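Trainee:
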Amino acid sequence: MLETIRKFIRYLLKKRTEFKDLNKKDALLAKVVLDIHRKRTHSSFVLIPLFSIRQIHVIDRENAIAETQKRIRVLEAAKHELLTDKSLTRERLASYLPSVSGIKVVKQSDDHYIAYEGNGRLVALQSVFSATDQIYVEVEEYHFKNPQKILRRMNRVRRLNGLT
Numbered sequence: 000m001l002e003t004i005r006k007f008i009r010y011l012l013k014k015r016t017e018f019k020d021l022n023k024k025d026a027l028l029a030k031v032v033l034d035i036h037r038k039r040t041h042s043s044f045v046l047i048p049l050f051s052i053r054q055i056h057v058i059d060r061e062n063a064i065a066e067t068q069k070r071i072r073v074l075e076a077a078k079h080e081l082l083t084d085k086s087l088t089r090e091r092l093a094s095y096l097p098s099v100s101g102i103k104v105v106k107q108s109d110d111h112y113i114a115y116e117g118n119g120r121l122v123a124l125q126s127v128f129s130a131t132d133q134i135y136v137e138v139e140e141y142h143f144k145n146p147q148k149i150l151r152r153m154n155r156v157r158r159l160n161g162l163t
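In terms of numbering that gives the first Met the number 0, the sequence shown opens at residue 0 and continues consecutively.
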């Protein structure tokens, strides 16, 4: 428990440079994340195709870009090894790209998910691998009785980020 708190504090300290740059799309994203955690019925871990995942926001802040570039270098160095298995469990992904949390998604359709957590890791993975590599990633999928409202808000954040 104490280690989890320490990890979260380190995560917040790394993000502190982003606080001064907050704007409308960030406020809406924060509201979406709160609603996801408040309204979910449950979550489950699923292995899904890497390229079925869409990011909710762009990576456009200096420190996020730098961290994503670092992740890309790590993945490129391990690409051959990662291609042999073609599936990245949470544990395996964390061994290459440590983070406080895993990639968290909401299912948009049978073929697509929107990631609301882990966008930097997602961008790095999708930069290093191609759809033809057929890589699968274990993610935490959040479930809802009626996901339409959450998905509308998530897609609004995507539009504000120029992703639709």
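Note that CB positions come from ideal geometry on N, CA and C, so glycine has one too. All values reported here derive from a predicted model rather than from experimental measurement.
Which whole-angstrom value is the C-beta distance of Ser86 and Tyr135, which I expect to be below 8 Å?
Mentor: Correct: roughly 4 Å between the Cβ atoms.
Trainee: Determine whether the beta carbon atoms of Ala32 and Asn160 lie at a separation below 8 Å.
Mentor: In the sequence on display, residue 32 carries Val and not Ala. Cβ atoms of Val32 and Asn160: not closer than 8 Å.
Trainee: How about the region 108-117 and the region 38-57: do they share at least three Cβ pairs that are nearer than 8 Å?
Mentor: yes
Trainee: Note down the Cα distance separating Lys103 from Gly117, rounded to an integer number of angstroms.
Mentor: 7 Å
Trainee: Quick check on Arg70: buried or exposed, where buried means 16 or more other Cβ atoms within 10 Å of its Cβ?
Mentor: The residue is buried, with at least 16 neighbouring Cβ atoms inside 10 Å.
Trainee: Measure the C-alpha to C-alpha separation of His79 and Ala63 and round it to an integer number of angstroms.
Mentor: 25 Å
Trainee: Just grab the DSSP bridge partners of Phe44 for me.
Mentor: Glu139
Trainee: Mapping the DSSP letters down to three states, classify Ile52 as helix, strand or coil.
Mentor: strand
Trainee: Rounded to whole angstroms, what's the CA-CA distance from Pro48 to Val122? Just pull it up for me.
Mentor: The alpha-carbon atoms of Pro48 and Val122 are separated by roughly 14 Å.
Trainee: List, from N- to C-terminal side, the beta strand (DSSP E) runs of 3 residues or more that fit wholly inside the region 46-113.
Mentor: The qualifying runs are 52-54, 103-106.
Trainee: Could you say which of Ala77, Thr40, Asp25 lies nearest to Asp59 if we only look at CA atoms?
Mentor: Asp25
Trainee: Taking DSSP's pairing of strands, which residues face Glu116 in a bridge?
Mentor: Lys103
Trainee: Using only the alpha-carbon positions, how far apart do Leu162 and Arg155 sit?
Mentor: 10 Å
Trainee: Tell me whether Arg158 sits in a helix, a strand or coil according to DSSP, three-state version.
Mentor: helix
Trainee: With Lys144 as the anchor, note down where its alpha helix (DSSP H) starts and where it stops.
Mentor: Looking at the DSSP string, Lys144 is not in any alpha helix (DSSP H), and its letter there is neither H nor E.
Trainee: Which term fits Leu164, buried or exposed, when burial requires 16 or more other beta carbons within 10 angstroms of its beta carbon?
Mentor: The question about residue 164 has no answer here: the residues shown for the chain are numbered 0 through 163.
Trainee: Rounded to whole angstroms, what is the Cα-Cα separation between Glu75 and Glu140?
Mentor: 27 Å
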